[in-house]
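Residue numbers (my numbering): 322 to 636.
Note that the Cβ used here is the ideal one computed from N, Cα and C, for glycine as well.
Heads up, the thing below is written out as structure tokens.
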């Protein structure tokens with residue numbers, strides 16, 4: 322059971338990690354991003370559609386990767402809307418993010434019905450990601466299968482933490498990105514285009530977060546429906562806050578919430594669980610999220626310029 326809990330934690334954490342990293346990227350550039358739920362919904366939809374049509378075209382073995390790529394590219398439709406609204410037209414960041422969530426949920430649901438003769442969900446995929454075992458490491462007793470036998474998306478998610486951490490803290494690009502979220506006026510004075518950095522941060526935020534939705538479809542669900550994401554994007558936002566806008570902190574937050582979801586699934590199969598309403602178990606991840614924010618919220622501080630519209634003409 323221990324191995325199952327660890328393995329499940331990593332699988333659930335991968336989706337949250339993509340969402341959290343995407344949200345963190347945007348917010349470190351000073352743009353509040355509550356649209357992570359919408360980006361994950363978009364990623365789930367486009368990954369299901371891309372993989373399904375790839376299967377129909379006879380590319381079964383490649384279809385999960387095509388679905389992943391479709392999510393990454395096509396979600397720029399929604400991230401572009403958020404960037405345009407907040408940066409060009411200076412709309413309220415929070416309202417824009419909420420609108421993105423509502424728009425993505427309803428547009429994708431409408432398109433599913435339109436493409437599949439009124440069905441409320443896409444057809445189940447025949448080809449999904451399979452677990453890959455790392456030689457030797459996966460043979461370690463108890464933890465080997467749990468830690469080193471997982472889906473490609475899990476390995477990609479953890480590699481993304483290392484890559485983004487390196488960019489953030491070891492490169493000039495990362496310094497500029499963090500500077501834009503803390504003091505955009507100083508960055509502008511240095512001759513760097515603040516709005517360009519903000520724009521690309523929001524665009525990449527949506528694409529990275531979309532991989533979280535794609536992960537859910539291509540590893541566990543196998544199809545897309547209206548409730549595929551079910552609030553996972555909001556938990557990813559909580560991981561950003563809990564992780565204090567640091568990629569390694571976001572990783573810790575995602576693992577915590579992934580663990581809560583894994584525990585939920587494991588408890589449900591125990592004998593005593595049959596006498597407990599199912600809804601109680603589904604509450605667990607959200608309850609853990611709420612408690613984590615209550616106990617850590619006072620100690621967190623976001624980027625100083627987060628949510629503040631920047632005008633280069635006023636410095």
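Which residues mark the beginning and the end of the alpha helix (DSSP H) in which residue i is found?
| i | result |
| --- | --- |
| residue 497 | 493-503 |
| residue 551 | Segment: none, residue 551 is in no alpha helix (DSSP H) and carries neither H nor E. |
| residue 422 | 414-436 |
| residue 521 | 515-537 |
| residue 389 | 384-395 |
For residue i and residue j, I'd like the C-alpha separation in whole angstroms.
| i | j | result |
| --- | --- | --- |
| residue 372 | residue 446 | 7 Å |
| residue 586 | residue 602 | 8 Å |
| residue 328 | residue 485 | 24 Å |
| residue 430 | residue 460 | 43 Å |
| residue 584 | residue 516 | 43 Å |
| residue 455 | residue 626 | 43 Å |
| residue 547 | residue 511 | 46 Å |
| residue 448 | residue 396 | 22 Å |
| residue 441 | residue 434 | 6 Å |
| residue 330 | residue 575 | 9 Å |
| residue 631 | residue 572 | 30 Å |
| residue 550 | residue 398 | 19 Å |
| residue 616 | residue 363 | 32 Å |
| residue 569 | residue 439 | 43 Å |
| residue 423 | residue 359 | 7 Å |
| residue 535 | residue 335 | 11 Å |
Which same chain residues, not among the five before or five after residue i, have their C-beta less than 7 Å away from its C-beta?
| i | result |
| --- | --- |
| residue 344 | 354, 357, 526, 530, 557, 558, 561 |
| residue 418 | 353, 354, 355, 356, 403 |
| residue 499 | 349, 489 |
| residue 326 | 583, 584, 587 |
| residue 540 | 332, 449, 450, 472, 474 |
Beta-carbon within less than 6 Å of residue i's beta-carbon, same chain only, minus the 5 sequence neighbours each way: which residues are those?
| i | result |
| --- | --- |
| residue 656 | Past the boundaries of the shown model lies residue 656; the chain is included only from 322 to 636, so the question cannot be answered. |
| residue 502 | 349, 350, 351, 624, 626 |
| residue 597 | none |
Beta-carbon within less than 8 Å of residue i's beta-carbon, same chain only, minus the 5 sequence neighbours each way: which residues are those?
| i | result |
| --- | --- |
| residue 444 | 373, 437, 544 |
| residue 523 | 347, 350, 352, 354, 400, 403, 404, 407, 408 |
| Would you call the segment 616-632 and the segment 558-577 in contact, with 3 or more CB pairs under 8 Å? | yes
| Cβ pair count under 8 Å reaching 3, the segment 367-386 against the segment 604-619 | no
| request: Just list the alpha helix (DSSP H) runs in the segment 454-497, keeping only unbroken ones of 4 residues or longer that don't cross its boundaries, in chain order. | output: 464-469, 473-491
| task | Quick one: which unbroken alpha helix (DSSP H) runs of 4-plus residues sit fully inside the segment 323-378? Chain order, please. | result | 323-349, 357-377
| request: Inspect the CB distances between the segment 332-345 and the segment 491-501 and report whether three or more fall short of 8 Å. | output: no
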